[in-house]
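Enquirer: Can you keep this structure in mind? I'll have questions shortly.
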Amino acid sequence: MDKQELLAQLYESLLDTDPEAAATAAQAAVDGGVDAMEAIHVASEAIAKVGDLFECGDLYLPSLMLAGEAMKRSMAILSRYISAEQASQSKGKVVIAAVAGDIHDIGKNLVATMLSVHGYEVIDAGVNVPPMEIIDAAQREHARFIALSALMTTSMPYQRDVMDLLREMGVRDRFFVIVGGGPVTPEYARLIGADGWGVSAVSAVRVCDRLLQSNERPPVKSTFLQE
Amino acid sequence: MTLNRDRLMDVLDKAHKGPIVKQFDWDTRVIPGAIADKLKKYGLQKTCDPANPINQNLELADRFFEAGLEVATEVGMLCTDTQRAIRYSREELLAGLAAAPAAFTLGEGKEIAHFQHRSISDPVPPIWVSPLSIAVTEDVFEPLVVGIAGVPEVDCLEGPSFETIWGAPLRAGSPYELLAGKMQAERFYSAISLAGRDGIGLYAVGTSPTHYGVLGGYGVPGGYKPERDIVLVLSPVEIKTSYENLMKLAHAYNCGGQTYGGSWSMIGGYAGGPEGAALSCIACTIMLYNVYQCVNGASFPYDLKTMGNCGRHALWALGLVFQALSRHTHICANSVLNQTAGPVTECLLYESAVGMMTLSVCGTSSCTGPRTAGGKFTNFITPLEVKFAGEVFKRSSGMSLSQANDVANRLLPKYEHELGHPPKGQSFKECYDLATLQPSDAWRKVYDTVKNKAIGAGLPL
Numbered sequence: 047m048d049k050q051e052l053l054a055q056l057y058e059s060l061l062d063t064d065p066e067a068a069a070t071a072a073q074a075a076v077d078g079g080v081d082a083m084e085a086i087h088v089a090s091e092a093i094a095k096v097g098d099l100f101e102c103g104d105l106y107l108p109s110l111m112l113a114g115e116a117m118k119r120s121m122a123i124l125s126r127y128i129s130a131e132q133a134s135q136s137k138g139k140v141v142i143a144a145v146a147g148d149i150h151d152i153g154k155n156l157v158a159t160m161l162s163v164h165g166y167e168v169i170d171a172g173v174n175v176p177p178m179e180i181i182d183a184a185q186r187e188h189a190r191f192i193a194l195s196a197l198m199t200t201s202m203p204y205q206r207d208v209m210d211l212l213r214e215m216g217v218r219d220r221f222f223v224i225v226g227g228g229p230v231t232p233e234y235a236r237l238i239g240a241d242g243w244g245v246s247a248v249s250a251v252r253v254c255d256r257l258l259q260s261n262e263r264p265p266v267k268s269t270f271l272q273e
Numbered sequence: 011m012t013l014n015r016d017r018l019m020d021v022l023d024k025a026h027k028g029p030i031v032k033q034f035d036w037d038t039r040v041i042p043g044a045i046a047d048k049l050k051k052y053g054l055q056k057t058c059d060p061a062n063p064i065n066q067n068l069e070l071a072d073r074f075f076e077a078g079l080e081v082a083t084e085v086g087m088l089c090t091d092t093q094r095a096i097r098y099s100r101e102e103l104l105a106g107l108a109a110a111p112a113a114f115t116l117g118e119g120k121e122i123a124h125f126q127h128r129s130i131s132d133p134v135p136p137i138w139v140s141p142l143s144i145a146v147t148e149d150v151f152e153p154l155v156v157g158i159a160g161v162p163e164v165d166c167l168e169g170p171s172f173e174t175i176w177g178a179p180l181r182a183g184s185p186y187e188l189l190a191g192k193m194q195a196e197r198f199y200s201a202i203s204l205a206g207r208d209g210i211g212l213y214a215v216g217t218s219p220t221h222y223g224v225l226g227g228y229g230v231p232g233g234y235k236p237e238r239d240i241v242l243v244l245s246p247v248e249i250k251t252s253y254e255n256l257m258k259l260a261h262a263y264n265c266g267g268q269t270y271g272g273s274w275s276m277i278g279g280y281a282g283g284p285e286g287a288a289l290s291c292i293a294c295t296i297m298l299y300n301v302y303q304c305v306n307g308a309s310f311p312y313d314l315k316t317m318g319n320c321g322r323h324a325l326w327a328l329g330l331v332f333q334a335l336s337r338h339t340h341i342c343a344n345s346v347l348n349q350t351a352g353p354v355t356e357c358l359l360y361e362s363a364v365g366m367m368t369l370s371v372c373g374t375s376s377c378t379g380p381r382t383a384g385g386k387f388t389n390f391i392t393p394l395e396v397k398f399a400g401e402v403f404k405r406s407s408g409m410s411l412s413q414a415n416d417v418a419n420r421l422l423p424k425y426e427h428e429l430g431h432p433p434k435g436q437s438f439k440e441c442y443d444l445a446t447l448q449p450s451d452a453w454r455k456v457y458d459t460v461k462n463k464a465i466g467a468g469l470p471l
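Those protein sequence lines, which keep their order, are chains C and D.
47 is the number of the first residue of the first sequence in our numbering; add one for each residue after it.
11 is the number of the first residue of the second sequence in our numbering; add one for each residue after it.
See the structure below:
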C-alpha cells in the first residue's frame, strides 16, 4: 500500500470504531514510511468526524467509547515515533472521575471520550472515587485538569471536598478543575470555586479549551460556564 | 410478597459464579451487540414513529417483548462488583415473571393502596406515587410533604429527599447517609400524620443513593415499616446490578419487606436509539423481576438529549415498553416520568399531561413522579404539579390508544420546542405560601390555563 492508502486505512479503522484495526493500521502506517505526525493528524480528523456523528445522533455511546479506545490504541503506537517536542503538542492530561457515592458512569464516559477525541489525554479514575484518590491520581499523572462528575445531590458534596482538599494541600494552582452532572448548576460550580462547568460533554471540551486559551493559572478569577 | 430465600441465594451464587464479563466489554460490545442483533432479527429497526408518539401497532409491541426476552436470556444482568453476569434460561425467566404478584398492597388502614396489573386502556385508575426523590432543604421537607400528602390523587409517597442532615451536607455512602435513612422515615411519619394520612405507603429510602440509607432507615426502630413500606432497589444502566443493590435486597429479605426494582435506558446511550432503548428496558425489566423478586417497578426509557421522557421519541419508546409488558406479563409495572421544566411554567404541565396520559393508557400499574425541572434544583417541586399529574394519570384511564395519540399530537406542539432548554420556573418557596400551603396566583393561573387547554385537546379532566 502507498502512504495515502495507509492513511485511508487508519482513517477508516477509526470511523469503524475498531480498536484492534486502528492499532494495526497505525503500526502499518509507520512501518510503511508514513510520518507519525501526519498519521496523528489524520487520526484526529477521523475522531473529530466520529464526534460530529455522535452529536448529530448518528452514532451512539458504545461506538463513541470504542472510538476513544481506538484512538488511544493508535496513539500509543504513533507516539513512539514522534519527538518529545512534538509529543508536547497534546493538549494535556485530564484525570476524570465520578466522585464518591456515585456509580453513574454515562456522563463521565461521555465527557472522557469527547475530551479524548479532541486531543486531551484522559486518565479515567472510574466511579465512586474518594476525593483523596482523585487528587493522588492527578498528582501522580501530572494532570493539567481534574474533571468531576456527580449525578446526585448526595454526591455533590464530594466535588466540594476535592476543592477543599486541593486548597488545604496547597496544590490548588496545579490543576484546572471542571465539574458537571445532572444536578450540578453553574451557581454550585462558582460556589465551590471550580474553574469550569459545562452542561454537556461537548461543553466540557469547550470549557477545557477556553481554560487553556485563557493563559490563566488555576484558580481562574471567574468560573468558565458553557451551555 | 416477601422474598424467597432460595431465589435470593441463587442470585448471589450467580453473581459470584456466573460468566466473567468486563464492564467495558459489557457497555461497548455485549449490550449494543445483543440489542442490534435482536432489533435486526425481529425487524424492529427504525420502527419509531414520531408522528404517532403513542404506538398504535400492538403486534409491534409483541415482537419487542419476544426480542426483549431473548436479550435478557442472552446477556442477563452484570454485577459490577464481581464483573460476572447473572444469567437464567428463558424458562427460568418466564417462571420468575410468573412468580411476581398480579396485585399487592402498600400502606395500612384506610390508606392502603391496591396495586394491580393493568391492561392497555384499562378503565381501572392506576396508582400515583409522588414525588420523586428531589432534594429539598430541611425547612421545606415538612410543609412540602404535608402539601403533597394533601393531594387526594396521591396514593403513596417516595420523595422528596434531603440535601442536608441536621445542617451537614448529606454525603452518599457515608455515616451521614446511614443517619438520613432513619431521619427521613421519622420526618415522613410526622408530616403524613399532620396531613391526616398516617397509613400512606412509603417507598424507602428516597435519601439513599447507596445501600446505607436503606440499612439505616428500613426496618429499624422508628424507621420505615416493612409491613407497609417498600424497599427501592435501583439498578445502574445498562442492565447492571452491584453489591449496593444486592445489599438492599438482602436487607429487605432480613426485614421481611417487599422490593421495588427500577432502572432506565437512555435514548442515545448504551442501547442506541429509541428502539434499542425500548428493547433494553423490556429486557432489563425481565431481569429486575427475576433478580430482585420485586412486586413493582420496571425499566423506563428517557432521552439523553433532553434528560426527560416527554418528547416524541421518548414517549413512543415509553408507551411501547409498557404495552409490551402489559400484554405479556401480569406484573404491576411502574414507570417514572421525567419532566424537564420547573414549577410555574406551562411546559411542565404539558409534559405531565402527555406523559402521564401515555403511561395510563399503555398499561402501567403505577407511576412515580414528577421529576420537576429534571430534579436538578433544590426545592423545585410543589404540590400543584403533583396534583395535576395525578389528575391526568387517573382520569385518562380507559382512553383508547388512538384517542390518546390524538391528544398527544395536539399538545406536543405546545411544549416540545422547549425541551432542549426548558424553563427553570420557580422554587416551592417562591411560588407557595408555606404557612397556608396555597400556590401563588401566578402558579394557579398557569394550572388553570393548561388544564383548560388539555380539556380542549380531549383529556377527560
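Where a beta carbon is used, it is the ideal one built from N, C-alpha and C, also for glycine.
Using 10 angstroms around the beta-carbon of L237 (chain C), count the other beta-carbons present and answer buried if the total reaches 16, otherwise exposed.
Expert: Here residue 237 (chain C) is taken as the residue at index 191 of the first sequence, counted from 1. By the neighbour-count rule (16 or more Cβ atoms within 10 Å), L237 (chain C) is not buried but exposed.
Enquirer: Of all Cβ atoms in chain D, is any one closer than 8 angstroms to the Cβ of H87 (chain C)?
Expert: As a working note, residue 87 (chain C) is residue 41 in the first sequence. Answer no: the Cβ-Cβ gap between H87 (chain C) and chain D never drops below 8 angstroms.
Enquirer: Can you give the beta carbon distance from L244 (chain D) to S275 (chain D), rounded, assuming they're within the 8 angstroms contact cut?
Expert: As a first step, residue 244 (chain D) must be located in the second sequence, where it is residue number 234. As a first step, residue 275 (chain D) must be located in the second sequence, where it is residue number 265. Actually they do not touch by this definition, with Cβ atoms about 13 angstroms apart.
Enquirer: According to DSSP, what are the bridge partners of G318 (chain D)?
Expert: On the second sequence, residue 318 (chain D) is found 308 positions in, with the first residue counted as 1. Looking at the DSSP assignment, G318 (chain D) forms a beta bridge with D:D313.
Enquirer: Comparing C-alpha positions only, which one of D:I341, D:V364, D:G384 and D:S376 sits nearest to Q413 (chain D)?
Expert: Reading the second sequence from its first residue, position 403 is the one you call residue 413 (chain D). It is D:V364 whose Cα lies nearest to the Cα of Q413 (chain D).
Enquirer: Contact defined as beta carbons within less than 8 angstroms: I believe P393 (chain D) pairs with G160 (chain D). What is the distance between those atoms, to the nearest angstrom?
Expert: If you number the second sequence from 1, residue 393 (chain D) lands on position 383. If you number the second sequence from 1, residue 160 (chain D) lands on position 150. That belief holds up - the Cβ atoms of P393 (chain D) and G160 (chain D) are roughly 7 angstroms apart, short of 8 angstroms.
Enquirer: For the pair the segment 348-368 of chain D and the segment 310-317 of chain D, tell me if three or more CB-CB distances fall below 8 angstroms.
Expert: They touch, by the three-pair rule.
Enquirer: By how many angstroms is the C-alpha of Q185 (chain C) removed from the C-alpha of K118 (chain C)?
Expert: Counting from one through the first sequence, the residue named residue 118 (chain C) turns up at place 72. Counting from one through the first sequence, the residue named residue 185 (chain C) turns up at place 139. Their backbone Cα atoms lie some 21 angstroms apart in a straight line.
Enquirer: Do you know how far the Cα of T374 (chain D) is from the Cα of F310 (chain D)?
Expert: To locate residue 310 (chain D), count along the second sequence from 1; it is residue 300. To locate residue 374 (chain D), count along the second sequence from 1; it is residue 364. Their backbone Cα atoms lie some 11 angstroms apart in a straight line.
Enquirer: In chain D, what lies closer than 8 angstroms to P177 (chain C) by C-beta?
Expert: Looking up residue 177 (chain C) in the first sequence gives position 131. None at all; the shortest Cβ gap to chain D is about 10 angstroms.
Enquirer: Can you list the residues of chain D that M111 (chain C) reaches, using a CB-CB cut of under 8 angstroms?
Expert: The residue given as residue 111 (chain C) occupies position 65 in the first sequence. The contacting residues are F34, D37 and T38.
Enquirer: Give the straight-line distance between the Cα atoms of G466 (chain D) and T459 (chain D), rounded to the nearest whole angstrom.
Expert: For the purposes of this step, residue 466 (chain D) is taken as the residue at position 456 of the second sequence. For the purposes of this step, residue 459 (chain D) is taken as the residue at position 449 of the second sequence. Cα-Cα distance, rounded: 11 angstroms.
Enquirer: Can you say whether W176 (chain D) is buried or exposed, counting buried as having 16 or more other CB atoms within 10 angstroms of its CB?
Expert: Here residue 176 (chain D) corresponds to residue number 166 of the second sequence, with the count starting at 1. Under this definition W176 (chain D) is an exposed residue.
Enquirer: Considering V139 (chain D), what are the terminal residues of the beta strand (DSSP E) in which it resides?
Expert: As a working note, residue 139 (chain D) is residue 129 in the second sequence. I137 to S140 is the extent of the beta strand (DSSP E) around V139 (chain D).
Enquirer: Name the residue from C:C254, C:K267, C:Q272 and C:F270 whose alpha carbon lies nearest to the alpha carbon of K139 (chain C).
Expert: The residue given as residue 139 (chain C) occupies position 93 in the first sequence. For K139 (chain C), the nearest C-alpha among the options comes from C:C254.
Enquirer: Of all the CB atoms in chain D, is at least one closer than 8 angstroms to the CB of S304 (chain C)?
Expert: Nothing about residue 304 (chain C) can be reported from this structure: the residues present for chain C run from 47 to 273 only.
Enquirer: A89 (chain C) to A171 (chain C), Cα distance in whole Å?
Expert: Your numbering for residue 89 (chain C) matches position 43 in the first sequence. Your numbering for residue 171 (chain C) matches position 125 in the first sequence. If I take the Cα positions, the gap works out to 25 angstroms.
Enquirer: For V402 (chain D) and I86 (chain C), I'd like the C-alpha separation in whole angstroms.
Expert: Position 392 of the second sequence, counted from the first residue, corresponds to residue 402 (chain D). Position 40 of the first sequence, counted from the first residue, corresponds to residue 86 (chain C). Distance between the alpha carbons of V402 (chain D) and I86 (chain C): 56 angstroms.
Enquirer: From the DSSP output, in three-state form, read off V230 (chain C) for me.
Expert: By 1-based counting over the first sequence, the position of residue 230 (chain C) is 184. It is coil, neither helix nor strand.
Enquirer: Pull up the CB-CB distance for D37 (chain D) and P108 (chain C), whole angstroms please, since I reckon it's below 8 angstroms.
Expert: As a position in the second sequence, residue 37 (chain D) is number 27, starting the count at 1. As a position in the first sequence, residue 108 (chain C) is number 62, starting the count at 1. Contact holds; Cβ gap of about 6 angstroms.
Enquirer: When you compare each of D:W326, D:V156, D:G321 and D:N462 to P432 (chain D) by their alpha carbons, which one comes out closest?
Expert: Translated into positions along the second sequence, residue 432 (chain D) becomes position 422. Of the candidates D:W326, D:V156, D:G321 and D:N462, the one whose C-alpha sits nearest the C-alpha of P432 (chain D) is D:G321.
Enquirer: Examine the Cβ distances between the segment 153-168 of chain C and the segment 93-101 of chain C and report whether three or more of them are shorter than 8 angstroms.
Expert: Contact holds: three or more Cβ-Cβ distances are below 8 angstroms.
Enquirer: Going along the chain, which residues of its own chain have a beta-carbon closer than 6 angstroms to the beta-carbon of G216 (chain D), five neighbours each way excluded?
Expert: Stepping through the second sequence from its first residue, residue 216 (chain D) is reached at position 206. Within the same chain, G216 (chain D) has close Cβ partners S143, E168, G169 and S171.
Enquirer: Applying a beta-carbon distance threshold of less than 7 angstroms, which residues of chain A neighbour M11 (chain D)?
Expert: Structure shown: chain A not included; protein chains present are C and D.
Enquirer: Which residues, taken in chain order from the segment 120-151 of chain C, show a beta carbon closer than 8 angstroms to some beta carbon of chain D?
Expert: Hits within the stretch, in order: A146, G147, D148, I149, H150 and D151.
Enquirer: To which residues does DSSP link E121 (chain D) through a beta bridge?
Expert: For this step, residue 121 (chain D) is matched to residue 111 along the second sequence. Partner(s): none; E121 (chain D) has no beta bridge.
Enquirer: With a Cβ-Cβ cutoff of 8 angstroms, do P203 (chain C) and R420 (chain D) count as a contact?
Expert: Numbered from its first residue, the first sequence carries residue 203 (chain C) at position 157. Numbered from its first residue, the second sequence carries residue 420 (chain D) at position 410. Contact flag unset, no.
Enquirer: By alpha-carbon positions, which one of D:A452, D:C166, D:Y234 and D:R17 ends up nearest to A109 (chain D)?
Expert: Counting from 1 along the second sequence, the entry for residue 109 (chain D) is found at position 99. If we check each option's Cα against that of A109 (chain D), D:R17 comes out closest.
Enquirer: Nearest-angstrom Cα distance between L447 (chain D) and A196 (chain C)?
Expert: Here residue 447 (chain D) corresponds to residue number 437 of the second sequence, with the count starting at 1. Here residue 196 (chain C) corresponds to residue number 150 of the first sequence, with the count starting at 1. C-alpha separation (whole angstroms): 32 angstroms.
Enquirer: For G329 (chain D), collect the residues of the same chain with a Cβ closer than 6 angstroms to its Cβ; drop the 5 residues on either side in sequence, then sort them by chain order.
Expert: If you number the second sequence from 1, residue 329 (chain D) lands on position 319. Once the five neighbours on either side are set aside, the close Cβ partners of G329 (chain D) are I64, N65, T368 and C372.
Enquirer: I need the straight-line Cα distance from A67 (chain C) to A116 (chain C), nearest angstrom please.
Expert: As a working mapping, residue 67 (chain C) is identified with position 21 in the first sequence. As a working mapping, residue 116 (chain C) is identified with position 70 in the first sequence. Near 8 angstroms, if we compare the C-alpha coordinates of A116 (chain C) and A67 (chain C).
Enquirer: How about Y166 (chain C): is its C-beta nearer than 8 angstroms to some C-beta of chain D?
Expert: Translated into the one-based positions of the first sequence, residue 166 (chain C) becomes position 120. So no, Y166 (chain C) is outside the interface.
Enquirer: Using the rule of at least 16 other Cβ atoms within 10 Å of the residue's Cβ for burial, across every protein chain shown, is K27 (chain D) buried or exposed?
Expert: Counting from 1 along the second sequence, the entry for residue 27 (chain D) is found at position 17. Exposed, by the Cβ-count rule.
Enquirer: Pick from D:K56, D:D47 and D:S406: whose alpha carbon is nearest that of P135 (chain D)?
Expert: On the second sequence, residue 135 (chain D) is found 125 positions in, with the first residue counted as 1. Measuring from the Cα of P135 (chain D), the nearest candidate turns out to be D:S406.
Enquirer: Short of 6 angstroms in beta carbon distance, which residues of its chain neighbour Q55 (chain C), apart from the five on each side in sequence? Order them along the chain.
Expert: Taking the first sequence and counting its residues from 1, the one referred to as residue 55 (chain C) is at position 9. Closer than 6 angstroms at the Cβ level, and outside the excluded window around Q55 (chain C), lie A71.
Enquirer: I need the boundaries of the beta strand (DSSP E) containing D241 (chain C), first residue and last residue.
Expert: In the first sequence, counting from the first residue as 1, residue 241 (chain C) sits at position 195. Segment: none, D241 (chain C) is in no beta strand (DSSP E) and carries neither H nor E.
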